[in-house]
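First the structure, in the form of structure tokens, and then the observations on it.
Numbering (this note's numbering), first residue to last: 4 to 406.
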């Protein structure tokens, strides 16, 4: 430990600041890891009970077959757009201010997309049945499209995260501060020669172009899973772009939260500067306006059509049993970020943190308002209106996933 600390002290100041967490951990880190680990373990126990005794342990029922798990699936896949897509767009546009935030953004993608991908497996009740998607593959099924697009996105995002890390992995290997053989393996012989740097920039530039349509396809297909049904307020052509916009919006908010936390915990004020929060706050402001536009278009179309099943679901959201989550969603996704990000004085770390938390909460509620009211309000009057409330098992699994 002392040897690693001395090697760390010999590094340049910037490298020393960034690599210190590999060597030095505090009691706060261990406390946070312990608490989050305990919550995760509780979620695993809850899932074991669900697996052992079946989906009867959840609040799912007929016809509300989709609940918390599908909400979390859409939510986490949306958050994953924080990284690769935003980073790729900023790289192609040559936005120089992006450099300090791209690594955090790309890591969020690879981490969170895994959280989202496991949710449908949890929702199945029988996880072995996920193999049916491959054993009985139907290219006409949006579910298979979803599996393909998420698999491609995860692969491309992992490569897009790994390649820019090669110079950093080589620095850790050469410094010898921790596990030099392991980091030597990860560095893959990279020596930061001019030829290697030029090759790396070319490959990353190509990947940035390739990954954008893949990322867009992921949430478009997720939107189509809903839109290609005849359920009230799901059967809509706007769902594809609406879901993509919402994914980027929630991704920006999650990235802002991560930036503030990393800046505060690891004292990275020299890297996450006020200009980064100013520009990211402007992006959040633009997407709050886009969110209002798409949401208004969705609800106006349903209201103007006046179809009975659509109106039953419409009023259940605006003035019925789901009015509270609907209007909290509007406040969190539009009112709060607009009020904070419209003024430069509040596009600060604290202001963007508040706005980011509000948007993340609001976008989770948006997924709730998409999934649950339609699930419990069937199209045909012969079917009874159902009720759905998540059980402690579902909430525990959700808490474990978040932790």
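Even for Gly, the Cβ is constructed at its ideal location relative to N, Cα and C.
(1) Report buried or exposed for residue 390, applying the criterion of at least 16 other Cβ atoms within 10 angstroms of its Cβ.
(2) Relative to the C-alpha of residue 112, which residue among 270, 257, 369, 275 is closest?
(3) Would you give the residue range spanned by the alpha helix (DSSP H) that residue 348 belongs to?
(4) Mind checking residue 208: buried by the 16 CB within 10 Å criterion, or exposed?
(5) Taking Cβ positions, are residue 305 and residue 236 nearer each other than 8 Å?
(6) Please report the distance separating the alpha-carbon of residue 248 from that of residue 290.
(7) Between the stretch 58-67 and the stretch 192-204, are three or more C-beta pairs nearer than 8 Å?
(8) Contact defined as beta carbons within less than 8 Å: I believe residue 275 pairs with residue 288. What is the distance between those atoms, to the nearest angstrom?
(9) Could you pull out every residue in the same chain whose Cβ sits closer than 8 Å to the Cβ of residue 469, ignoring the five residues on either side in sequence?
(10) From this set, 174, 116, 283, 76, which residue's C-alpha is nearest residue 126's C-alpha?
(11) Are the beta-carbon atoms of residue 116 and residue 83 separated by less than 8 Å?
(12) Any chance the stretch 330-339 sits against the stretch 212-229, with 3 or more Cβ pairs inside 8 Å?
(13) Evaluate residue 232 with the Cβ neighbour count: other Cβ atoms within 10 Å of its Cβ, from every protein chain shown; 16 or more gives buried, anything less gives exposed.
(14) Classify residue 37 as buried or exposed, calling it buried when 16 or more other Cβ atoms lie within 10 Å of its own Cβ.
(15) Taking contact to mean 3 or more Cβ pairs, one atom from each stretch, closer than 8 Å, check whether the stretch 339-347 and the stretch 306-319 are in contact.
(16) Below 8 Å, can you find three or more Cβ-Cβ pairs linking the stretch 187-199 to the stretch 158-178?
(17) 8 Å is my cut-off, CB to CB: does residue 311 come that close to chain C?
(18) Starting from residue 122, trace the alpha helix (DSSP H) in both directions and tell me its first and last residue.
(19) Terminal residues of the continuous alpha helix (DSSP H) containing residue 50?
(20) The alpha helix (DSSP H) with residue 91 in it runs from where to where?
(21) Starting from residue 248, follow the alpha helix (DSSP H) in both directions and report where the run begins and ends.
(22) Go through its chain and collect everything with a Cβ distance to residue 357's Cβ below 7 Å, but skip five positions before and after it.
(23) Considering Cα atoms alone, identify which of 73, 57, 54 is closest to residue 229.
(24) Quick one: residues in its chain with C-beta nearer than 8 Å to the C-beta of residue 402, no 5 flanking neighbours on either side, listed in chain order?
(25) What number of angstroms, rounded off, separates the C-alpha of residue 319 from the C-alpha of residue 376?
(26) Give me the Cβ distance between residue 294 and residue 337, rounded to the nearest whole Å; I'm assuming they're in contact under 8 Å.
This is what the structure holds:
(1) For the purposes of this step, residue 390 is identified with residue 387 of the chain shown, where counting begins at 1. When all chains shown are included, residue 390 counts as exposed.
(2) Here residue 112 refers to the residue found at position 109 when the chain shown is read from its first residue. Residue 257 is the option with its Cα nearest to residue 112.
(3) Sequence index remark: in the chain shown, residue 348 carries index 345 (1-based). Looking at the DSSP string, residue 348 is not in any alpha helix (DSSP H), and its letter there is neither H nor E.
(4) As a working mapping, residue 208 is identified with position 205 in the chain shown. With fewer than 16 Cβ atoms within 10 Å of its Cβ, residue 208 is classed as exposed.
(5) By 1-based counting over the chain shown, the position of residue 305 is 302. By 1-based counting over the chain shown, the position of residue 236 is 233. Residue 236 is positioned such that its CB atom lies closer than 8 Å to that of residue 305.
(6) The residue you call residue 248 lines up with position 245 of the chain shown. The residue you call residue 290 lines up with position 287 of the chain shown. So the two alpha carbons sit approximately 8 Å from each other.
(7) no
(8) Working through the chain shown from its first residue, we reach residue 275 at position 272. Working through the chain shown from its first residue, we reach residue 288 at position 285. Actually they are not in contact, since the Cβ atoms of residue 275 and residue 288 sit about 19 Å apart, beyond 8 Å.
(9) One cannot answer for residue 469 here, as it falls past the ends of the chain, which runs 4 to 406.
(10) Here residue 126 refers to the residue found at position 123 of the chain shown. If we check each option's Cα against that of residue 126, 76 comes out closest.
(11) Within the chain shown, the letter at position 113 stands for residue 116. Within the chain shown, the letter at position 80 stands for residue 83. Contact flag set, yes.
(12) no
(13) As a first step, residue 232 is located in the chain shown; it is residue number 229 there, counting from the start. With fewer than 16 other Cβ atoms within 10 Å, it is exposed.
(14) Within the chain shown, numbered from 1, the residue matching residue 37 stands at position 34. Classification of residue 37: exposed, given that the 10 Å Cβ count is below 16.
(15) no
(16) yes
(17) The structure shown has no chain C; it contains just one protein chain.
(18) The sequence position of residue 122 within the chain shown is 119, counting from 1. First-last of the alpha helix (DSSP H) with residue 122: 105-127.
(19) What you label residue 50 is simply residue 47 of the chain shown in a count that begins at 1. Residues 30-56.
(20) Along the chain shown, read from residue 1 onward, the residue named residue 91 stands at position 88. Segment 87-95, the alpha helix (DSSP H) holding residue 91.
(21) Taking the chain shown and counting its residues from 1, the one referred to as residue 248 is at position 245. Where residue 248 is concerned, the enclosing alpha helix (DSSP H) stretches over 242-268.
(22) Position 354 of the chain shown, counted from the first residue, corresponds to residue 357. These residues qualify, in order along the chain: 343.
(23) As a first step, residue 229 is located in the chain shown; it is residue number 226 there, counting from the start. Closest by alpha carbon: 73.
(24) Along the chain shown, read from residue 1 onward, the residue named residue 402 stands at position 399. Counting only Cβ-Cβ distances below 8 Å, and skipping sequence neighbours, we find 42, 45, 46.
(25) Locating residue 319 in the chain shown gives position 316, counting from the first residue. Locating residue 376 in the chain shown gives position 373, counting from the first residue. Cα to Cα, the separation comes out at about 7 Å.
(26) What you label residue 294 is simply residue 291 of the chain shown in a count that begins at 1. What you label residue 337 is simply residue 334 of the chain shown in a count that begins at 1. Contact holds; Cβ gap of about 6 Å.
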